[in-house]
Amino acid sequence: MLGRAAGLSAPRWRGGSLDLRAALRSGGNLLFALFVAAVLAFTLLAAVHSPDDPLLHPSSHQLTDFLTSATSTSTFLTDDSVLRTGEDFNASSSSSGATAEAGVEAEVKETVPFIKLSDVASEAEKTKPVAERAVTVDTDVGTGEGAAAAEEETPVTEAVSCDTEAPVDCTGDRDLFNLLMRTAIEQFPDLHFYRFGRPVAVPDSPMECDLAWRFRPAADAIGTGRTTYYKDYRRFTLTRDINTCTLVVSSVGEYHSGVGAKRNGKRKGKKGKKGKREAPVTDFVPVKMQVRLDENAANNEAAGAVAEPVFVVGEAVNDSLPVVASESDFSRGRYLIYMGGGERCKSMNHFIWGFLCALGEAQFLNRTLVMDLNVCLNARYTSSGKDEEKDFRLYFDFEHLKESASVIDQSQFWQDWGKWQKKDKLKNFYTEDIRMTPMKLRDVKDTLIMRKFGNVEPDNYWSRVCEGETEGVIKRPWHFLWKSRRLMEIVSAIASRMSWDFDSVHIVRGEKAQNTQLWPNLDRDTSPDSLLMTLNDKVGAGRYLYIATNEPDKSFFDPLKEKYKTRFLDDFKDLWDENSEWFTETKELSNGKPVEFDGYMRVAVDTEVFLRGKRHLETFNDLTRDCKDGVNTCPASS
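Per my numbering, the sequence shown starts with residue 9, numbered consecutively.
Shown next as structure tokens:
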């Protein structure tokens with residue numbers, strides 16, 4: 009029985025094993041089929057998907073198309089525009105996907121907390137001393153019940169004697185400080201405030217104080233790849249209320265009127281009586297604001313976030329030339345220099361494209377770029393109609409460049425090279441072949457690599473070094489090249505005079521408006537009557553309207569003044585005339601030679617102001633049906 013049972017059970021076990029194997033084989037086939045289907049689906053998605061923002065991983069030709077496009081760029085020159093520098097590229101990249109319907113605010117968090125009115129109010133309540141009550145005393149009241157009754161009565165306040173002409177204490181009165189901060193925040197609702205300087209007394213003016221602050225326009229306060237602040241300092245005139253004897257701000261001066269609060273560069277303090285350096289006068293940040301700053305910093309540190317570069321418009325500019333500390337430092341260094349090249353005296357766009365290629369190669373090779381600070385400005389930008397030598401620092405932020413990258417002035421380099429080259433047996437590697445790629449130069453150990461460019465265009469363009477197989481290796485460091493802070497200070501002044509609350513329109517006329525064969529509708533579409541109709545439902549009546557245009561006769565737009573407060577670049581020419589701060593600083597930079605506010609500077613400033621409008625309208629996108637480059641050149645609609 010047992011043997012038979014065992015004999016009968018064995019076949020059933022073998023049969024079950026066969027069934028199990030078949031089931032496993034079928035399941036494996038099913039899983040493999042699912043895997044193949046998933047791979048096919050992923051491949052199909054990858055083939056048809058286009059990223060939301062192509063600027064996150066751009067190729068060289070994509071960057072060229074973007075940076076040289078005329079979209080959102082105003083200009084005084086026909087068929088020319090300002091090549092965006094690093095700050096514009098970062099801003100455009102981060103904001104290109106952020107769109108919202110009109111009247112609906114995007115729910116975004118600001119990267120850096122700003123000072124709110126409640127922060128200042130809470131600080132005022134915290135620091136305000138308890139006021140003493142003034143009462144009148146009834147001398148007929150005796151002791152006992154009469155005295156007790158007198159104590160329970162509501163005290164009567166005596167009339168306050170007030171010296172309305174008594175000088176205000178700008179530096180020591182905390183309540184006054186809070187009053188000035190609250191007034192600034194309330195008067196400029198379109199600004200976000202981040203830091204206030206201590207108030208400063210005005211000599212021979214006992215009822216005035218100067219106050220400085222750091223701010224950003226509310227519309228620009230979202231992270232854009234860098235943190236851009238502006239600095240303003242204004243004069244506050246105060247009076248006393250005759251009834252309460254409290255201080256009241258009667259008026260606030262214009263942009264940069266509070267010259268007493270201006271600080272040139274970093275304040276290092278001053279020496280006291282014993283020769284010790286006293287603590288510098290620091291800026292004020294309310295307690296609540298400081299808590300948010302600390303929390304923000306802690307969160308960024310925990311997340312491993314990289315701090316955005318800080319760009320402050322209005323602070324003193326330090327664009328002095330970098331100097332090698334010693335002979336040993338110079339001899340240990342490794343350098344790259346570009347000699348000649350077809351970029352010279354071409355458009356500024358062409359120069360920047362080639363310069364950033366050289367800077368990118370220097371970074372790739374881990375070498376210091378030897379750069380020529382003399383820029384040949386093309387005749388199209390000069391009033392003389394001839395090419396002119398200009399200083400690089402007039403157009404670009406050299407302080408930011410030298411802090412971000414390793415660069416040295418060419419004249420200083422050759423001076424040091426002449427002193428130490430033979431003594432220290434320094435060698436140089438010389439090449440005239442653009443086919444000598446940066447990858448091939450990586451193993452060169454010589455102190456100096458010299459790239460010599462010939463006279464045959466376009467092979468003598470610096471930018472050719474970054475083409476072909478090199479394109480995927482050398483990355484142009486756009487974030488190193490920012491516009492001059494002196495020019496951006498003019499932009500800030502113009503926007504401030506319009507209270508940072510304006511709309512802007514770019515109107516192309518000139519030769520294009522006269523050429524009806526290529527632009528048949530442009531002249532009519534940019535006439536005052538047509539502009540009034542187009543702007544009617546886009547720009548509110550009575551608003552500031554900044555007009556960036558190449559139309560030489562500004563009276564052409566006079567009909568628009570009936571509805572808008574129109575402004576043009578030349579309305580602010582006092583910002584660069586011979587009495588301006590810009591004129592003084594650029595003259596000093598040019599060794600006492602007066603500097604012309606040239607065509608490229610006009611284009612740069614005009615463009616930056618235009619882009620800061622709350623609503624900006626373009627000629628070929630918003631005003632006319634004509635194509636930018638003429639008939640039948642409009643891009644096909646997607």
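Yeah, the Cβ is synthetic: ideal placement off N, Cα and C, and Gly gets one too.
Predicted model only: the values in this text are computed from it and were never measured.
Alpha carbons only, please: which of the options is nearest the one belonging to residue i?
i      : options                           : result
Cys353 : Lys483, Val383, Lys435 and Leu373 : Val383
Ile416 : Tyr241, Asp380 and Asp634         : Asp380
Ile250 : Lys460, Pro207 and Cys170         : Cys170
Tyr238 : His264, Ser213 and Thr574         : His264
Gln371 : Ala413, Asp405, Ser336 and Ala387 : Ala413
Arg505 : Lys453, Phe576 and Lys491         : Phe576
Pro211 : Lys453, Phe43 and Val176          : Val176
Val611 : Trp508, Lys491, Phe564 and Asp441 : Lys491
Ser259 : Gln195, Phe204 and Gly322         : Gln195
Asp630 : Lys562, Arg342 and Asp545         : Asp545
Leu184 : Val128, Ala46 and Thr627          : Val128
Glu440 : Thr254, Ala644, Met496 and Lys460 : Lys460
Ser671 : Asp467, Leu495, Arg375 and Ser336 : Lying outside 9 to 646, the shown extent of the chain, residue 671 is not represented and no answer is given.
Lys427 : Leu402, Ser392, Arg29 and Ser334  : Ser334
Gly341 : Ala521, Val47 and Thr376          : Thr376
Asp451 : Thr524, Ala503 and Leu373         : Leu373
Gly322 : Glu593, Glu465, Ala30 and Met541  : Glu593
In or out: residue i buried (at least 16 other Cβ within 10 Å) or exposed?
i      : result
Cys642 : exposed
Pro446 : buried
Asn463 : exposed
Arg242 : buried
Thr236 : buried
Tyr438 : exposed
Ala41  : exposed
Trp486 : buried
Trp508 : buried
Phe510 : buried
Arg633 : exposed
Glu570 : exposed
Thr252 : exposed
Ser336 : exposed
Leu38  : exposed
Leu543 : buried
Asp578 : exposed
Val613 : buried
Lys520 : buried
Phe43  : exposed
Phe204 : buried
Ser653 : Residue 653 is absent from the structure shown; the chain starts at 9 and stops at 646.
Glu411 : exposed
Spatial neighbours of residue i within its chain, please: CB distance less than 7 Å, with the 5 preceding and 5 following residues excluded, ordered by chain position.
i      : result
Trp584 : Ile498, Trp590, Phe591 and Phe605
Ala226 : Asp198, Leu199 and His200
Arg517 : Thr534, Thr557, Asn558 and Glu559
Ser598 : Asp399
Gly638 : Leu526 and Trp527
Asp424 : Val332 and Phe338
Glu477 : Thr445
Ser538 : Arg532
Ala503 : Val617 and Arg620
Excluding sequence positions up to five away, which residues of its chain have a Cβ less than 6 Å from the Cβ of residue i?
i      : result
Pro567 : Pro536
Ala470 : One detail in the question is off: residue 470 reads as Trp in this sequence, not Ala. So the qualifying residues of the chain are Tyr346, Gly349, Glu351, Gly362, Cys365 and Ala366.
Cys669 : What is shown of the chain runs 9 to 646, which leaves residue 669 out entirely.
Arg484 : Leu364 and Gly368
Lys270 : Tyr241
Mind checking whether residue i and residue j have CB atoms under 7 Å apart?
i      : j      : result
Thr191 : Arg248 : no
Arg222 : Tyr202 : yes
Arg493 : Val325 : yes
Gly3   : Val208 : Within the shown structure, residues of the chain are numbered from 9 to 646, placing residue 3 beyond reach of any answer.
Ile193 : Leu125 : yes
Ile457 : Leu344 : yes
Ser355 : Asn386 : yes
Lys435 : Thr455 : yes
Leu219 : Leu187 : no
Phe406 : Val378 : no
Ile442 : Arg401 : no
Is residue i close to the ligand FMN? I mean its beta-carbon at under 6 Å from any heavy atom of the ligand.
i      : result
Glu194 : Judged by which ligands are present, the structure shown has none, so any question about the ligand FMN falls away.
Using a Cβ-Cβ cut-off of 8 Å (strictly less than) and excluding sequence neighbours within five positions of residue i, which residues of its own chain qualify?
i      : result
Ala501 : Tyr263, His264, Phe580 and Leu583
Phe404 : Thr93, Leu489, Trp490, Lys491 and Ser492
Thr390 : Glu396, Glu604, Asp606 and Gly607
Three-pair Cβ contact test at 8 Å for the stretch 520-535 versus the stretch 361-373:
no
Answer yes if the stretch 613-632 comes into contact with the stretch 550-569, meaning at least three C-beta pairs across the two stretches below 8 Å, and no otherwise.
yes
Determine, using beta-carbon pairs with one atom in the stretch 416-429 and one in the stretch 326-335, whether at least three such pairs fall under 8 Å.
Enough Cβ pairs lie closer than 8 Å, so yes.
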